[in-house]
Amino acid sequence: MSIDAPVVTPTAATLRARAAVAQARAFAEADERALDGLVSVRPRSAVPRPQPVWDDAEVLVHEPVGERYRRLVLASNTIAATAQAGQFLMITVPPHGGDTILLPRPMAIHRRRPATTDHPGTVELIYGVVGRGTRALAAVPVGGTLQVTGPLGRGFGFPPGTRSALLIGRGVGVCGVMGAAEDAAAAGIRTTMVLSGQHPDQLLGRSDCAELGVQVIGATDDDGSSDLTFLATRLRGHFDGTTPERTPPGVIMVCGAGVLARLAAELGAHWGVPVQASLEAHMACGLGYCHGCAAPVRTDPSVEGPLVCADGPVFDAAIPVV
Ligand SMILES: Cc1cc2nc3c(=O)[nH]c(=O)nc-3n(C[C@H](O)[C@H](O)[C@H](O)COP(=O)(O)OP(=O)(O)OC[C@H]3O[C@@H](n4cnc5c(N)ncnc54)[C@H](O)[C@@H]3O)c2cc1C
Ligand code: FES
């Protein structure tokens, strides 16, 4: 006699969740493949080493940005005055609802506003609530304090004489490149930024770009405009050299996806301009101690490889010569 196992039919919600996990895995694998052989550590002379401080930063603003993200403005005179474009903070997240978050979480510095006589220096972050740490972070009230270490990492730098730049950011990756838009605005560098995301209402950085005089090219999954082939064609057309405004950019800076870093490197090769790409990795310390954030840079196996936190997060990106 055989006993049949009961047939369990997955619910629609379960099927959707499985599909989302499969899609996320496929994106992650594509990103990993895209970075293969693409990035290298920027020369030491190109970027100064960070001088991080440990600070108890007051939370001045903490509010939702659309349905998916939250904006956090922290008071820190030193970090606001010293942070370079593309650097990040490690945030110690206080315990929440009986949950203790042991490791600090890395977050890009989206905006820097040095102190004036009227207000303290501030740094602004935008983050998505994706897991335990960011859920607990979302509960920190305005008026509370957060322990932060930063600014960390080696950021973006404009090559001398740069007159125009193309910045590309996807999702919260926009925060990784917005500091470069701030520097470009201050230096009179004409800047175009691709803001990429799933839906139009999830495109971060529109108001920052308006404030900084940055021309925006929106690219969303909804209407297919974030498709890499479509975007590449659009950008080549946008910078076709037919007018001074359409002259190809002098540098490309990108953050938010490995596939976008590769697209940027292909455009860089087409126009003959340098490309800098900011990468993400799981980080436990952010300081170069734990060696948990190996950068996808091929090295001699007997030599200690570069780290995303200490040698990046910004790397040079170029299509490998075969
Ligand atoms: C240099 C740097 C800058 C960053 N800047 C921002 C930012 O500006 N805004 C923002 O929202 N996020 C940013 N991140 C990612 C952010 O650190 C993670 O989303 C956060 O640590 C997740 O913590 P959690 O405890 O909520 O999630 P966990 O519970 O730790 O993880 C939840 C999910 O997120 C994934 N995840 C966690 N950490 C990372 C990571 N470092 N990279 C990729 N996937 C991750 C996990 O695999 C898991 O699927 C940055 C990461 C780095 C390394
Ligand atoms: S996160 Fe510890 S070495 Fe990079």
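Heads up, the numbering used here is the position in the sequence shown plus 1, with the first residue counted as 1.
In this text, a Cβ means the ideal position worked out from N, Cα and C, and glycines have one as well.
On the premise that residue j lies in contact with residue i, defined as a C-beta separation below 8 Å, what is that separation, rounded to the nearest angstrom?
{"i": "H63", "j": "R71", "result": "7 Å"}
{"i": "T135", "j": "R112", "result": "Not confirmed; about 19 Å, so no contact."}
{"i": "T221", "j": "G242", "result": "Not a contact, Cβ separation roughly 27 Å."}
{"i": "L147", "j": "A285", "result": "No, L147 and A285 are not in contact; Cβ-Cβ is about 18 Å, not under 8 Å."}
{"i": "V274", "j": "P249", "result": "7 Å"}
{"i": "G238", "j": "F231", "result": "With a Cβ gap of about 11 Å, G238 and F231 do not count as contacting."}
{"i": "V42", "j": "D312", "result": "5 Å"}
{"i": "L53", "j": "G145", "result": "The sequence shown places Pro at residue 53, rather than the Leu named in the question. P53 to G145, Cβ: 22 Å. No contact."}
Exposed or buried, which one is residue i when buried takes at least 16 other CB atoms within 10 Å?
{"i": "W55", "result": "exposed"}
{"i": "A86", "result": "buried"}
{"i": "F316", "result": "buried"}
{"i": "A185", "result": "buried"}
{"i": "G99", "result": "exposed"}
{"i": "V304", "result": "exposed"}
{"i": "P201", "result": "exposed"}
{"i": "A109", "result": "buried"}
{"i": "C291", "result": "exposed"}
{"i": "D32", "result": "buried"}
{"i": "L236", "result": "buried"}
{"i": "A211", "result": "exposed"}
{"i": "S227", "result": "buried"}
{"i": "T1", "result": "Only positions 2 to 323 of the chain appear in this structure, which leaves residue 1 out of reach."}
According to DSSP, is residue i helix, strand or coil?
{"i": "D184", "result": "helix"}
{"i": "A139", "result": "coil"}
{"i": "R69", "result": "coil"}
{"i": "M336", "result": "Given that the chain is displayed from residue 2 to residue 323, the structure contains no residue 336 and the question cannot be resolved."}
{"i": "E361", "result": "Look at the range of the chain in this structure, 2 to 323, and you will see that residue 361 is not part of it."}
{"i": "F89", "result": "strand"}
{"i": "H239", "result": "helix"}
{"i": "I80", "result": "helix"}
{"i": "P245", "result": "helix"}
{"i": "D100", "result": "strand"}
{"i": "S227", "result": "coil"}
{"i": "P201", "result": "helix"}
{"i": "E305", "result": "coil"}
{"i": "G111", "result": "Looking at the sequence itself, residue 111 is His, so the reference to Gly does not match. H111: coil per DSSP, three-state reduction."}
{"i": "V298", "result": "coil"}
{"i": "H292", "result": "coil"}
{"i": "H63", "result": "strand"}
{"i": "L147", "result": "strand"}
{"i": "L264", "result": "helix"}
{"i": "T234", "result": "helix"}
Can you check which of these residues, the options, is closest to residue i by C-alpha distance?
{"i": "L168", "options": "P160, L196 and L147", "result": "L196"}
{"i": "G122", "options": "S227, L61, G129 and G293", "result": "L61"}
{"i": "L308", "options": "V40, R263, E125 and C176", "result": "V40"}
{"i": "R50", "options": "P249, M194 and A84", "result": "A84"}
{"i": "G1", "options": "V178, A233 and T118", "result": "Nothing about residue 1 can be reported from this structure: the residues present for the chain run from 2 to 323 only."}
{"i": "P245", "options": "E212, D209 and R191", "result": "R191"}
{"i": "V255", "options": "V130, T193, P321 and G289", "result": "T193"}
{"i": "A139", "options": "H97, L268 and A109", "result": "H97"}
{"i": "P115", "options": "G129, A81 and G145", "result": "A81"}
{"i": "V130", "options": "L73, V143, D223 and H120", "result": "L73"}
{"i": "G67", "options": "A27, I127 and I92", "result": "I127"}
{"i": "L104", "options": "A137, T118, T79 and H120", "result": "A137"}
{"i": "C310", "options": "A282, S46, T163 and P250", "result": "A282"}
{"i": "I92", "options": "L288, G306 and G293", "result": "L288"}
I'd like to check one pair, residue j with residue i: are the Cβ atoms closer than 8 Å?
{"i": "V124", "j": "S165", "result": "no"}
{"i": "F240", "j": "L153", "result": "no"}
{"i": "V175", "j": "G219", "result": "no"}
{"i": "R171", "j": "L280", "result": "no"}
{"i": "L264", "j": "A295", "result": "no"}
{"i": "P160", "j": "V252", "result": "yes"}
{"i": "G156", "j": "G132", "result": "no"}
{"i": "A266", "j": "A182", "result": "no"}
{"i": "P321", "j": "G38", "result": "yes"}
{"i": "L75", "j": "V141", "result": "no"}
{"i": "G259", "j": "A35", "result": "yes"}
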